[in-house]
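Just so we're aligned, residue -10 is where the sequence shown starts under our numbering, counting upward by one.
Note that the Cβ used here is the ideal one computed from N, Cα and C, for glycine as well.
Note that this is a predicted model, so its numbers are computed, not measured.
The structure appears right after this line, and notes come after that.
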Amino acid sequence: MYAMKVDENRAMRWTVVPDPAPEPDEILLEIHAAALNRADLLQRAGKYPPPPGWPEWMGLEVAGTVLAAPRGSRWKAGDRVCALLGGGGYAEKAAVPEELVLPVPEGLSMAEAASLPEAFATSYLNLVIEAGLKAGETVLIQAGASGLGIAAIQLAKAFGAKVVTTVGSEEKARVVRSLGADVVVNRRTDDLGGILDENPVDAVLDCVGGAALGRHIEKLAPGGRWVLIATLGGEFAEISLRPILKRGLRLIGSTLRSRPPEMKARILRELGERLWPKFASKELRPVIHAVMPVRRAEEAHAILERNENIGKVVLEIR
């Protein structure tokens, strides 16, 4: 089969590699589409290797057709599925633990389905499990027009939360409002601190970190939870500890990729039960910025690097 490998100059090459050999609990998947994530950019730069046991090439979420399944599996050859991977999605085939596979929601294309597993699993892990988000609470979601941000906004609204979100343009603001965001902050023109004074938040999903975290964590409501999942704005922050102590605030560091298989299986199972039916009913919807042939993967990466995307960028494998 072919897979997209990265050479010593960080260039991507569509290269022949051995076919995957599934373990007894894995399905063999023919990949039709693979969605991009910022973790892919870090992996390509040599900063975020895949967990042990996963292929060296990039790709955390895919959709395709089952080629073979374990005996007694709920899956069978020909099923249309999407899957959460630890790596290896930029390829023609993948071996995936059957617990990390969900059906393609009714009415969605393969490209749309590929955009769901990583984004919604990350949102569910960090908002529902880590932050314990409850109906009626207010949540701040940074980078609301990103693929992850769009998933997180929809998930939070589905769970009955009020959503404050940040964006970088009026075009992005229009999109997140259409998805239900209640308060939209243009980070180029608005004062996030002042808006948080007016709208104290109970939970934060933060992919930015840096100095902004230090300035704003003390604006959490009493008992607030700040979940940090990336440091796009910098690795260092100066934090006043007194408000954290006085108001019982929590700063939580979290990544999905490093979680054990049992946790990922739980997340996928609960997503299938609680959220997947909402795609068929159109209560939730994928937002796709672009679908591009896999041989244009470098161009697709450049879209993310320039922060141009509204929603997900997807590679078409076949």
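In the three-state DSSP reduction, M252 falls in the helix class (H, G or I).
Under the DSSP assignment, A24 falls in the beta strand (DSSP E) whose first and last residues are 15 to 24. M(-10) is not a Cβ neighbour of G53, given a cutoff of 8 Å. Shown here, P41 sits in coil according to DSSP, grouped into three states, outside any helix or strand.
Comparing alpha-carbon positions, the option among V90, G61, F148, K271 lying closest to G75 turns out to be V90.
Leaving aside the five residues that flank E88 on each side, the residues in its chain whose CB is nearer than 6 Å to its CB run, in chain order, A254.
Listed in chain order, the alpha helix (DSSP H) runs fully inside the stretch 70 to 113 are 99 to 103, 106 to 112, counting runs of at least 4 residues.
Shortest Cα-Cα distance from N188 to any of G199, T154, I228, V70 involves T154.
The C-beta distance from F268 to L97 rounds to 6 Å, short enough to meet the 8 Å contact threshold. The residues I139, I142, Q143, in chain order, have a CB closer than 7 Å to that of L168 in the same chain once the five nearest residues on each side in sequence are set aside. Boundaries of the alpha helix (DSSP H) around I139: 136 to 147. For E(-3), the closest alpha carbon among the candidates S229, R33, P106, G242 is that of R33. The residue among R239, A132, L194 with its C-alpha nearest the C-alpha of V174 is A132. Here K301 carries a strand assignment [DSSP, helix/strand/coil].
Residue pairing by DSSP places N175 opposite V156 in a beta bridge. A Cβ-Cβ contact shorter than 8 Å links I20 with K82. Here the alpha carbons of D191 and L129 stand approximately 8 Å from one another. Listed in chain order, the non-local C-beta contacts of G203 below 6 Å within the same chain comprise A226, E227, I228, local neighbours out to five positions each way being set aside. Annotation for W215: no alpha helix (DSSP H) segment contains it, though the beta strand (DSSP E) segment containing it runs 214 to 217. Annotation for V276: I139, G300 place their beta carbon closer than 6 Å to its own, counting only its chain and skipping 5 residues before and after. Here the C-alpha atom of R295 lies approximately 22 Å from the C-alpha atom of A22.
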